[in-house]
Structures are given as C-alpha cells and as structure tokens.
Amino acid sequence: MFNDPGLARVTRPVHRESRTLVFLGALALIAVVYIGREVFVPVALAVLLSFVLSPVLLVLRRLRIPRTLGVAGVVMLTFIGLLALGAVVATQVGQLASDLPHYQANVRDKIRDLKSTASGSATMERVAGMLQDLSSELDRPDPQPKLQLDAAAAVQRPIPVEIRAPELGTLAMLRSLGEPLLHPLATTGIIFIFLIFILLQREDLRNRFIRLAGAHDIQRTTAALDDAGARLSRFLLTQVVLNAGFGCVIGLGLGLIGVPSAMLWGLLAAVLRFVPYIGAIIAALLPSALALAVDPGWSMVLWCIVLFAVVEPVVGHIIEPLLYGRSTGLSPVAVIASATFWTWLWGPIGLVLATPLTLCLVVLGRHVDQLEFLDVMLGDSPPLSAPELFYQRMLAGDPVEASGTAEDFLKDHALCAYVDEVALPALRLAQADFERGALDLERIERIRLSVQELVYTLGPGEDEAVAATESTPTADRPILCIGARTGLDEAAAMLAAMVLGANGLTAQVEGPSRLQRASLISLDATQAAMILVSAMDSNSTALLRYAVRRLRRRLPHAVILLGAWGLSDDRSLRNSLEEHGDPVSARMCDALSAARRLVPPSPPDKTLPRLERSAAAS
Numbered sequence: 034m035f036n037d038p039g040l041a042r043v044t045r046p047v048h049r050e051s052r053t054l055v056f057l058g059a060l061a062l063i064a065v066v067y068i069g070r071e072v073f074v075p076v077a078l079a080v081l082l083s084f085v086l087s088p089v090l091l092v093l094r095r096l097r098i099p100r101t102l103g104v105a106g107v108v109m110l111t112f113i114g115l116l117a118l119g120a121v122v123a124t125q126v127g128q129l130a131s132d133l134p135h136y137q138a139n140v141r142d143k144i145r146d147l148k149s150t151a152s153g154s155a156t157m158e159r160v161a162g163m164l165q166d167l168s169s170e171l172d173r174p175d176p177q178p179k180l181q182l183d184a185a186a187a188v189q190r191p192i193p194v195e196i197r198a199p200e201l202g203t204l205a206m207l208r209s210l211g212e213p214l215l216h217p218l219a220t221t222g223i224i225f226i227f228l229i230f231i232l233l234q235r236e237d238l239r240n241r242f243i244r245l246a247g248a249h250d251i252q253r254t255t256a257a258l259d260d261a262g263a264r265l266s267r268f269l270l271t272q273v274v275l276n277a278g279f280g281c282v283i284g285l286g287l288g289l290i291g292v293p294s295a296m297l298w299g300l301l302a303a304v305l306r307f308v309p310y311i312g313a314i315i316a317a318l319l320p321s322a323l324a325l326a327v328d329p330g331w332s333m334v335l336w337c338i339v340l341f342a343v344v345e346p347v348v349g350h351i352i353e354p355l356l357y358g359r360s361t362g363l364s365p366v367a368v369i370a371s372a373t374f375w376t377w378l379w380g381p382i383g384l385v386l387a388t389p390l391t392l393c394l395v396v397l398g399r400h401v402d403q404l405e406f407l408d409v410m411l412g413d414s415p416p417l418s419a420p421e422l423f424y425q426r427m428l429a430g431d432p433v434e435a436s437g438t439a440e441d442f443l444k445d446h447a448l449c450a451y452v453d454e455v456a457l458p459a460l461r462l463a464q465a466d467f468e469r470g471a472l473d474l475e476r477i478e479r480i481r482l483s484v485q486e487l488v489y490t491l492g493p494g495e496d497e498a499v500a501a502t503e504s505t506p507t508a509d510r511p512i513l514c515i516g517a518r519t520g521l522d523e524a525a526a527m528l529a530a531m532v533l534g535a536n537g538l539t540a541q542v543e544g545p546s547r548l549q550r551a552s553l554i555s556l557d558a559t560q561a562a563m564i565l566v567s568a569m570d571s572n573s574t575a576l577l578r579y580a581v582r583r584l585r586r587r588l589p590h591a592v593i594l595l596g597a598w599g600l601s602d603d604r605s606l607r608n609s610l611e612e613h614g615d616p617v618s619a620r621m622c623d624a625l626s627a628a629r630r631l632v633p634p635s636p637p638d639k640t641l642p643r644l645e646r647s648a649a650a651s
C-alpha cells in the first residue's frame with residue numbers, strides 16, 4: 034500500500050563516532066519510553082485515534098461545521114461508544130462468571146470420557162501412572178529426624194491468636210471499590226485530553242514537525258507529510274472498520290452456535306485481530322474452551338473452530354488485499370520483531386499497538402530523510418535495487434541469485450531490456466568504484482567470470498546455438514564484440530554477444546588484448562561482419578577513439594559500432610563520438626537495432642522459438 038516508486042537516495046558515509054552517538058541516542062530513547070510508559074502509552078493511543086478520526090473531521094469541515102464543534106462532537110461520540118463497549122464487557126463478564134459453576138458437570142463428564150478413551154491404551158495408562166506417582170512424590174512431606182520430632186513434641190504448642198479487621202465504613206467501602214477503577218479512568222482521561230488537543234492543533238503540530246524535519250525544503254516535506262498522514266489515516270480507519278466487522282461476524286456466529294457471552298467474544302476477537310498472526314488464534318481458543326464446558330457433546334466446539342477457520346482466511350486473504358492493496362508496507366520479520374519489542378516495552382497494550390506504531394515509523398522513514406533507516410529496517414521494499422543486487426552478487430562470485438532474478442524479469446520483458454535496466458547499470462556502479470580506486474583488478478576479474486557464468490546460464494544452449502548458426506547468413510563472419518580496456522568492458526561485450534545471439538545474430542567475444550598490435554595483425558576484414566567495441570568508461574571518449582583509431586588503421590573499411598555503455602546520461606560526449614561517423618549506442622536495445630541495420634538477420638521463419646520471443650519482445 035505504501036510502496037511508492039521514487040528516486041534512490043544517495044547514501045553518505047557515516048563516521049564511527051556518529052554511529053556510536055546514534056546507537057547511544059537510540060538506547061536512551063528506548064529507556065525513556067520504557068520508564069515513562071505511563072505517559073507515552075496514552076499519548077500513542079491518542080495519536081493513533083487522531084489518525085482514525087481525522088477523515089471524519091475532514092468530512093465535517095467540508096460541511097462547514099466549525100472545528101471546535103466538530104472535534105467536541107467526534108470525541109464525545111467516541112467516548113460514549115467506548116463507555117458503551119465497557120458496559121457491555123462488564124455485563125458479559127459478570128454473567129459469564131455467574132454461569133461458570135453450572136458448567137462443571139459437563140467438564141467432569143468430558144474428563145471421564147477422555148479417561149475412558151485413554152484407558153484402552155497401554156501407553157496412555159503408563160503415562161498417567163507415571164504422572165500420578167510424580168504428583169504424589171511432590172506432595173509427600175520431607176521426613177524429619179527423630180531428634181527434631183522429640184524436641185518439637187517437648188515444646189508446648191502456642192495459643193492461636195486471631196486478628197479481625199474492623200468492619201469497613203461507607204467511605205472505606207467506596208474507596209476500596211473506586212481504587213481499582215481509578216487508574217483506568219485516569220488513563221482514559223489522559224488519552225482523550227491528548228486527543229482533543231491533537232485534533233485541535235493538528236496543523237500547528239504538523240508545521241512544528243516540518244520545522245524539525247525539513248525546513249530547508251518546505252514544499253517537499255509538506256507534501257510528504259500530508260501524503261503520509263492521509264495514507265496512515267486511511268489505513269488505520271480501514272483496519273478499525275475491518276476488525277470491527279470481523280468481531281461482529283464472529284459474535285453473531287457464536288451467538289447462533291449457542292456460545293454464552295457471544296458479544297464479549299466478538300469484541301475480544303476484534304481487539305485481538307490487531308495482534309499480527311496469533312491474534313485470531315488466541316481469539317478462537319477462549320470461546321472454544323467455553324463451548325467445551327457448555328455443550329455436553331462436541332458439536333459446539335467443532336462449530337466454533339469451523340467459524341474461525343472460515344472467517345479469518347476470508348478476511349485476511351480476500352478482503353484485506355482488496356482494501357489495503359498487495360502489501361501494508363511492513364516486512365514479515367519486522368512485524369514479528371516489532372510485536373516482540375513493543376510487548377516487552379509496554380506489555381499487552383504494546384502487542385495490540387505494535388503494527389500501527391511500526392507502520393507509522395515506516396511511513397516516516399519513507400518520507401523523511403533523517404529517518405530513512407526505519408524504512409530500510411522495517412519496510413518491505415527491497416533493500417537493494419536490482420542493479421545493486423546484481424553488482425553485489427557479481428562481486429561475491431555468486432551469479433546463481435542473479436540468474437534467478439533475471440529469469441523472473443525475462444518472463445515479462447525482453448533480454449535487451451534486462452541488460453539495459455539491470456546488468457549495464459550494475460556494471461556502471463562497478464566502473465564508478467574502479468574510477469575512484471575502490472575496485473581492484475582481482476575483483477574485476479571475479480565480476481567478469483561471474484558475468485560469463487550468467488551469460489552461459491541465460492544464453493541459448495549448445496543445440497540452440499548450433500541451430501542459430503546454421504540459420505544465420507553471417508555464420509562464417511560473426512559480429513566481433515571486443516572489450517576496450519578492462520574486464521568490465523569485456524563483461525559488457527559478453528552481454529552484447531548474448532543479446533545479439535538471442536536475436537539470431539552470430540557474435541563472438543574478444544578481450545582487450547585483441548586491440549594490441551600483435552593481435553590486430555592477424556585480424557582480417559573477412560573474419561567479422563561487424564566489430565562492436567564495448568567500453569564502460571564514463572569520464573571521456575578517449576578510450577573509444579583510441580580503439581577505433583587502431584581498428585581503422587588495420588581495417589579501414591570495417592563496419593564498427595561503438596558501445597559507449599557508460600555515457601547513457603551524457604549526451605555531449607555521445608555527440609562527440611558520433612562526429613567521427615561511426616554509430617554509437619549507449620543502450621543494448623539501441624545496439625541491437627543498429628546491428629540489425631548493419632548486418633541482415635536470419636529469416637523469421639527459421640528463427641528458434643526462444644529467439645523469436647526475444648526479438649518480438651525487444
């Protein structure tokens with residue numbers, strides 16, 4: 034739901050001292066939130082309630098209702114609704130407590146049934162006997178020495194003294210009844226006081242946050258916060274309505290089944306469904322246990338299980354994706370980790386608030402640069418882009434994961450599109466590291482070998498290659514793809530040869546050594562239909578000009594195509610290359626089109642099915 038495409042942020046180096054300060058600051062913040070949980074829990078509840086009620090207030094503002102009157106009315110209705118729910122819960126709990134003694138007979142009968150069922154099994158009998166022996170051993174008192182018994186018998190038993198408390202007066206009785214209710218009422222009062230001020234001062238609080246988060250770019254920060262607030266409000270309101278509907282369906286279903294206090298269990302199911310993964314399971318266990326005690330048979334228990342087993346998947350896998358989209362923006366690991374963290378920090382209320390609070394942090398991380406780490410740690414967006422992942426896997430010498438990602442990409446796109454959007458940008462990242470001295474020749478060789486393995490995996494097999502060669506009129510004169518200087522240039526040449534070969538053009542790869550004088554002497558114009566010079570240099574055109582000059586000195590009439598893969602964003606450098614008359618391509622799809630113009634492709638009816646698909650898609 035919150036996965037919006039955007040420009041990648043530039044990462045900046047962080048000093049070790051800064052990381053230490055950030056870590057210590059995070060620990061201090063956690064300690065403050067833990068110590069002050071009596072205050073922060075009501076504030077968090079008030080903030081979440083403000084997100085839920087903000088769409089309602091926007092509707093009232095469109096109806097020309099004054100802000101103060103609208104806030105007072107919405108907060109009052111919310112307070113009355115919560116009081117009504119509390120009254121229902123108290124009534125249901127009292128009724129359930131008074132009815133529980135009547136269900137003891139059913140429980141005893143089911144225990145007898147289970148014992149009779151287990152009595153026919155020798156294994157169950159041994160286990161039951163062992164447990165009974167252990168219980169009697171634990172209950173047996175420790176033997177005392179004889180001397181201690183004699184000494185104890187000699188001591189005269191003390192006279193028992195009974196202390197009776199005086200009868201409570203009216204004020205003391207009222208105090209004893211009111212003290213347990215004082216803390217919940219005080220917490221509720223704090224929540225609604227904060228809620229009123231947050232709703233009344235919503236714009237002022239937003240402006241103060243803008244001042245802290247991004248006053249240097251007010252337009253961008255305001256747009257980001259407005260968008261984040263609208264999305265959070267819509268999500269939380271939808272979640273409240275959906276969970277309330279889930280609770281109503283469960284309560285109605287339990288009432289039809291005959292489970293006592295069905296409204297209580299429906300309300301509990303609505304609240305527990307805010308707990309990820311296990312909330313619905315916990316909500317199903319309690320009414321099922323009650324049904325086990327109420328019903329003399331087993332049908333009520335089975336119907337309870339069936340009710341939850343049907344309603345929860347329908348809501349979770351059908352209705353929620355339709356309302357929220359494909360994802361809420363949280364990774365599964367983040368959901369579990371946040372539930373554990375907030376439960377440890379704030380107890381059961383933290384478990385209920387874990388997902389909404391974590392979602393708020395992720396949305397802030399996606400819109401505020403200073404909090405970007407929250408999105409990286411907790412969000413479900415890929416931590417590395419496709420080119421970054423490709424580059425990382427090539428550096429690690431492990432092209433297997435890159436091959437799997439490429440095969441998924443090629444299900445909907447052409448091979449040259451994969452090279453243009455993933456592989457070449459990854460090689461540009463490597464070239465940038467090489468130019469600033471962060472990538473040595475050993476790692477470049479590892480990247481070259483990894484790309485070679487990837488090309489072998491993605492390219493046509495031996496049978497397809499033989500068939501393509503036989504159907505290509507230029508089989509005796511292939512396109513020669515030469516890397517200009519480094520292994521990165523040769524890796525790009527391998528990718529070019531793969532794309533050309535997949536589209537019916539025979540291609541051959543040569544390393545930078547082919548441009549040396551001794552190798553150029555053996556090169557004949559009749560050996561290649563076209564020469565593609567591949568270079569990843571992003572700073573200048575000198576390398577390509579040097580390679581073309583050497584090739585022209587040996588083959589003055591050869592067809593040469595320049596693959597300037599590092600100059601995709603620099604139009605001036607591309608123009609300077611094109612002034613010399615040789616065609617220049619900065620993208621692989623453009624190079625494929627240029628090669629088709631310069632070298633006739635195979636007849637369409639003789640092209641292999643896989644190659645036809647690639648050519649048509651490109």
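Quick note on numbering: our numbering labels position 528 of the sequence shown as 561, and the sequence is numbered without any gaps.
The beta-carbon is built from N, C-alpha and C at its ideal position, and this holds for glycine as well.
Query: Could you give the distance in angstroms between the alpha-carbon of V581 and the alpha-carbon of S418?; Result: 35 angstroms
Query: State the Cα-Cα distance for the pair N536 and W598, rounded to the nearest angstrom.; Result: 20 angstroms
Query: Could you check if L676 is buried or exposed, using at least 16 other CB atoms within 10 Å of its CB as the buried criterion?; Result: For residue 676 there is no data in the structure shown, the boundaries of the chain being 34 and 651.
Query: Who are the Cβ neighbours of M427 in its own chain at under 6 angstroms, not counting the five residues just before and after it?; Result: I480 and S483
Query: Tell me whether L513 sits in a helix, a strand or coil according to DSSP, three-state version.; Result: strand
Query: If I follow the unbroken alpha helix (DSSP H) through E345, where does it start and stop?; Result: S332 to V347
Query: Should D557 go down as buried or exposed, given a rule of 16 or more other Cβ atoms within 10 Å for buried?; Result: exposed
Query: When the Cβ atoms of the region 278-288 are set against those of the region 302-312, are three or more pairs found closer than 8 angstroms?; Result: yes
Query: How about L228 and L93: do their beta carbons lie closer than 8 angstroms?; Result: no
Query: Please classify M109 as buried or exposed, where buried requires at least 16 neighbouring CB atoms within 10 angstroms.; Result: exposed
Query: Mind reading off the beta-carbon distance from F664 to L265? Whole number of angstroms is fine, and I expect it under 8 angstroms.; Result: The requested residue 664 is not part of the displayed model; the chain covers only 34 to 651.
Query: Could you tell me the alpha carbon to alpha carbon distance between P217 and G437, rounded to whole angstroms?; Result: 55 angstroms
Query: Quick check on DSSP: helix, strand or coil for S555?; Result: coil
Query: Considering only C-alpha positions, which residue in the set A463, E486 and A77 is nearest to P420?; Result: A463
Query: State the Cα-Cα distance for the pair T519 and R547, rounded to the nearest angstrom.; Result: 12 angstroms
Query: In three-state terms, what does DSSP make of V566?; Result: strand
Query: Cutting at 7 angstroms between CB atoms, please list the residues of its own chain near W375, excluding the five before and the five after it.; Result: G383, L384, L386, A387 and L390
Query: Where does V632 land, buried or exposed, given buried means 16+ other C-beta within 10 angstroms?; Result: buried
Query: Between the C-alpha atoms of L513 and P458, what's the straight-line distance to the nearest angstrom?; Result: 23 angstroms
Query: DSSP on S618, reduced to helix/strand/coil?; Result: strand
Query: Here's a check: name, in chain order, each residue in its chain whose Cβ is nearer than 6 angstroms to the Cβ of I314, leaving out the five neighbours to either side.; Result: none
Query: In this structure, how does DSSP classify P506 when only helix, strand and coil are distinguished?; Result: With a pLDDT of 47 at P506, under the threshold of 50, the modelled position of this residue cannot be trusted; read the value that follows with caution. Note: P506 maps to coil in three-state DSSP.
Query: In this structure, how does DSSP classify A597 when only helix, strand and coil are distinguished?; Result: strand
Query: Name the DSSP beta bridge partners of A540, please?; Result: I512
Query: Can you grab the Cα-Cα spacing for the pair V521 / E478, in whole Å?; Result: Note that residue 521 is Leu in the sequence shown, not Val. Their backbone Cα atoms lie some 8 angstroms apart in a straight line.
Query: Assign L399 to buried or exposed, taking buried as 16 or more other Cβ atoms, counted over all protein chains shown, within 10 Å of its Cβ.; Result: Checking the displayed sequence, the identity of residue 399 turns out to be Arg instead of Leu. That one is buried.
Query: Within 10 angstroms of its Cβ, does T574 collect 16 or more other Cβ (buried), or is it exposed?; Result: buried
Query: DSSP three-state call for G114: helix, strand or coil?; Result: helix
Query: For the alpha helix (DSSP H) holding D466, just list the boundary residues, first then last.; Result: L457 to E468
Query: Taking just the CA atoms, how far does A456 sit from F224?; Result: Looking at the sequence shown, residue 224 is not Phe but Ile. Rounded to whole angstroms, I224 to A456 spans 54 angstroms at the Cα level.
Query: With H, G and I counted as helix, E and B as strand and the rest as coil, what does DSSP make of L363?; Result: strand
Query: Would you kindly work out how many angstroms separate the C-alpha atoms of T559 and S567, rounded to a whole number?; Result: 21 angstroms
Query: When the Cα of L297 is compared with those of I338, V121 and Q234, which residue comes out closest?; Result: V121
Query: Please name the residue in Q234, L258 and V339 whose C-alpha comes closest to that of L245.; Result: L258
Query: Considering only residues of the same chain and omitting the five flanking positions on each side of G312, which have a CB-CB separation below 6 angstroms?; Result: L305 and R306
Query: Excluding sequence positions up to five away, which residues of its chain have a Cβ less than 7 angstroms from the Cβ of Q485?; Result: M527
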